[in-house]
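Quick note, the sequence shown lines up with residues 85 to 316 if you use this note's numbering.
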Amino acid sequence: MTRATCSRVDLNDGIRATANIISGRRTNRGVEVLTDLAPVPPVAGSPGKLNQVVLNLLANAIDASSAGGTVTIRTRANVMNKGVTIEIIDNGRGIDPAIRDRIFDPFFTTKPVGQGTGLGLSLSYGIVHDHGGTIKVDSLPGQGACFTVLLPLNQLAPVLPASDPRQDPNRPAQSTARIDRGRRSFRMTPSKTARETSSSNSGGRETGRKRSLASALDGGLEVVGSNPAAPT
């Protein structure tokens, strides 16, 4: 993941929105989804991709639960690891230890044919890894499962547009004001005044017009392009 694709992500806001999106699925299966969201600092990352991780984990937890089951999603600040922890806990059927090491493999699924692609956990693993985090699972058969995602608190400098002059500290400051008169174009700049520019050009009438314009604006003007033949 590059700096250009990162922003500061409020995980709790994203979790609330994702839980709302998946409300139909939990209703159809008769599963209750509880949120236990503590105040946590923002993380650096892609909001859409992190929401996709939460969606995948919630969907799997709901599918693993029986009617009347409960899924809990919890967030905590992780001071020791300087990050934020997301836990998704269900009281469903659990995961067989024989296949626990394979659940993040692409296309691996325990769901019936046509009900799962085996990509949700694999994609989630990749997204978390791209954010510099970790994802693990604790589970025993018949005792549910707990997926834990740890995301680091990366401190990224603000990303500036490529056209922003602040990206080049050696570039002289220049205002964006621009004045067009016919086919003459003037641009505000601290490097040269219009009076200096005018004195270096011939043609008393044209020079006088430039001086008048500079006086009226009471600021420095640099002639960008001028066509003496242009209509006035």
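In this text, a Cβ means the ideal position worked out from N, Cα and C, and glycines have one as well.
Closest to residue i by C-alpha separation, out of the options, would be which residue?
{"i": "D237", "options": "R110, G204 and P125", "result": "Checking the sequence, you will find Leu at residue 237 rather than Asp. Comparing Cα positions, the closest option is P125."}
{"i": "E116", "options": "S107, Y209 and I99", "result": "S107"}
{"i": "V233", "options": "G153, T119, G204 and R158", "result": "R158"}
{"i": "V163", "options": "G204, C90 and L235", "result": "L235"}
{"i": "N104", "options": "V127, A128 and N135", "result": "N135"}
{"i": "N45", "options": "V93, G216 and I187", "result": "Because the chain here runs from 85 to 316, residue 45 falls outside it and cannot be looked at."}
{"i": "V168", "options": "N175, G217 and C90", "result": "G217"}
{"i": "G114", "options": "G176, D185, P181 and F231", "result": "G176"}
{"i": "R184", "options": "R92, F231 and R109", "result": "F231"}
{"i": "A128", "options": "V93, A151 and S208", "result": "V93"}
Taking the alpha-carbon positions, what's the residue i to residue j distance?
{"i": "H213", "j": "T111", "result": "31 Å"}
{"i": "K220", "j": "L95", "result": "18 Å"}
{"i": "S223", "j": "A229", "result": "4 Å"}
{"i": "K133", "j": "I170", "result": "14 Å"}
{"i": "R109", "j": "N165", "result": "34 Å"}
{"i": "S91", "j": "S208", "result": "19 Å"}
{"i": "D97", "j": "L118", "result": "15 Å"}
{"i": "G210", "j": "A182", "result": "22 Å"}
Below 8 Å between beta carbons: does that hold for residue i and residue j?
{"i": "A122", "j": "A161", "result": "yes"}
{"i": "G226", "j": "G178", "result": "yes"}
{"i": "L141", "j": "I172", "result": "yes"}
{"i": "T193", "j": "S130", "result": "no"}
Considering only residues of the same chain and omitting the five flanking positions on each side of residue i, which have a CB-CB separation below 7 Å?
{"i": "D189", "result": "S206"}
{"i": "D174", "result": "A145, A148, S149, G153, V155, G228 and A229"}
{"i": "D180", "result": "P225"}
{"i": "T260", "result": "For T260, the pLDDT reaches just 40, beneath the cut-off of 50, and the residue's location in the model is therefore unreliable, leaving the point undetermined."}
Spatial neighbours of residue i within its chain, please: CB distance less than 6 Å, with the 5 preceding and 5 following residues excluded, ordered by chain position.
{"i": "V138", "result": "I99 and T102"}
{"i": "S286", "result": "Interpretation of S286 is limited by its pLDDT of 46, a score under 50 that renders its predicted location unreliable; the figure taken from the coordinates is listed afterwards. Excluding positions up to five away in sequence, the list is empty."}
{"i": "A151", "result": "G114"}
Return the chain-ordered list of same chain residues with a C-beta closer than 8 Å to the C-beta of residue i, the five sequence neighbours on each side being excluded.
{"i": "D120", "result": "T156, I157, R158 and T159"}
Return the chain-ordered ranges of every alpha helix (DSSP H) run that is complete within the region 103 to 142 and spans a minimum of 4 residues. The region 103 to 142 contains these whole alpha helix (DSSP H) runs: 107 to 113.
List in chain order: all unbroken alpha helix (DSSP H) runs of 4+ residues lying wholly within the region 157 to 234. Segments of the alpha helix (DSSP H) lying fully in the region 157 to 234: 204 to 214.
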